[in-house]
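What follows is a single structure, written as structure tokens, with notes after it.
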Amino acid sequence: MQARSMLFTLYGDYVRHYGSTIWIGSLIALMAELGCTPPAVRAAVSRMTRQGWLAASRSGRSSYYALSARGQARIDEAAQRIFKLHPERWDGRWRILTVAASERDRKRRDRLRRELAWMGFAALSRGVYLTPTDLFDRTASLAERYGLTGRCEMFTADHDGPTPDARLAARCWDLRAIDAAYAEFVAEWRPRLDRHRARAAGGAAAPGAETPAPPGGEGPTDATCFVEKTRLVHAFRKFLFIDPGLPQDLLPERWTGTEARGVFSTYYHLLTEGALRFFERHYRPAPGHEGDLPRGRQAARRDPFRPPLPVV
């Protein structure tokens, strides 16, 4: 796992609850548990700072890194999507964006296209993008950021066929590949969930578990919970880049994403307390921000899933 990508996960699932600022020494200690060396962490932090995701500050000889306004906005948006467990209701209308960028605007156009894909747009044809979700405010801000406002137009439209809406969605997004990715997630993480339940039960077989309990009967340590939870979120975070979050009306009848989200939310809840205890032992707030720790203790323990799913 790349250090930079793992840092996004660490900030998104932990640091943002604790004032969004953390000492570099804390980052190095936490990332070491995830297999990242100090030079790799420092290089990734420097790169994220240059890219505008983090803001650096110093107190004496200590360096601290906080989410920038841009980084906070991206993390907040990602959290809204990753912890949304049910597809939204659809009003039956499509949102269409046209981008008339010239070849000399190619770099800005390509950056815009990547951002649109991350937000959940699909390319219907060259320079034409669509989504069933109302993303116009965010799209307008994005076009302004890349200096393409005068070259973009946005529409809300009805689709009169002849292709059914669900088939149109399947043509624009590779839903089979996304479903297969969810199936891979379930195949890897449901057995890990079963093993954790067995350990937490003192080695007894968990009811309904597909994986036998490990020998020894020892429960998981806080460090184990931290590593496992961080890797769980990191593994599920990839769906932000491939799953547009379509409404139920546009999804196949059999959609493994629902099961995957159930596994994710259940395992996330089981790992949270131990993971947070481990994080808090290593976390050091910036001087003058000592209140971030008690506030973070409360914020990080609130259930982020909306609405909650039944335990699987």
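Heads up: the sequence shown begins at -15 in our numbering, then just goes up one per residue.
Here a beta-carbon is modelled for each residue, glycine too, at the ideal position from N, C-alpha and C.
Between His253 and Glu212, the C-beta gap is not smaller than 9 Å, which leaves the two residues out of contact. The region 166 to 181 and the region 228 to 237 do not touch, with fewer than three beta-carbon pairs separated by less than 8 Å.
At the C-beta level, Tyr267 and Tyr48 stay beyond 9 Å of one another. Judged by beta-carbon spacing, Thr123 lies beyond the 9 Å limit of Trp78, meaning their Cβ atoms are not closer than that value. In this model, Lys91 and Leu132 are separated by some 11 Å (Cα to Cα). The beta carbons of Gly241 and Tyr166 sit closer together than 9 Å. Around the beta carbon of Asp142, fewer than 16 other beta carbons sit within 10 angstroms, so the residue counts as exposed.
Two segments are said to touch when three or more pairs of C-beta atoms, one from each, lie closer than 8 Å; by this definition the region 149 to 165 does not touch the region 83 to 100. Note on geometry: alpha-carbon atoms of Tyr251 and Gly44 lie some 40 Å from one another. A contact between stretches requires three or more CB pairs, one per stretch, nearer than 8 Å, and the region 275 to 284 fails this requirement with the region 22 to 39. Taking Leu100 as the centre and dropping the five residues before and after it, the same chain places the C-beta of Leu81, Tyr113, Thr123 and Leu126 closer than 8 Å to its C-beta, in chain order. Nearest C-alpha to Asp206 among Arg286, Ile162, Leu260 and Ser249: Leu260.
Here Cys136 is bridged, per DSSP, to Val83.
A check of alpha carbon separations from His70 across Phe220, Gly229 and Gly275 identifies Gly229 as the nearest. Judged by their CB atoms, His218 and Met32 are not nearer to each other than the 9 Å cut-off. Assigned with DSSP and collapsed to three states, Leu38 falls in strand. The secondary-structure analysis by DSSP pairs Tyr49 across a beta bridge with Ile6 and Ala40. By DSSP's assignment, Thr115 forms a beta bridge with Arg79. Annotated as proximal: Arg0 and Ile59, with beta-carbon spacing under 9 Å. Selection Pro231, Arg183 and Asp227 evaluated against Cys209 yields Arg183 as nearest (Cα-Cα). Close CB contacts of Ser41 within its chain, under the 6 Å cut and outside five residues either way in sequence, are with Tyr48 (chain order). For Leu108, the secondary structure class from DSSP, reduced to helix, strand or coil, is strand. Runs of the alpha helix (DSSP H) lying entirely within the region 146 to 191 and spanning at least 4 residues, in chain order: 149 to 156 and 159 to 184. Taken in chain order, the whole alpha helix (DSSP H) runs of length 4 or more contained in the region 194 to 258 are 206 to 221 and 223 to 226. Residue environment for Phe169: buried (at least 16 other C-beta atoms within 10 angstroms of its C-beta). With a contact defined as Cβ atoms closer than 8 Å, Ala62 and Leu224 qualify at about 6 Å.
Of the candidates Met138, Gln64, Leu38 and Glu72, Met138 places its Cα closest to the Cα of Ala84. For Ser52, the CB contacts under 7 Å within the same chain, skipping 5 residues up- and downstream, are Gly36, Trp37, Leu38 and Ala39 in chain order. Put simply, of Leu14, Arg285 and Val247 the residue whose alpha carbon is nearest the alpha carbon of Glu172 is Val247.
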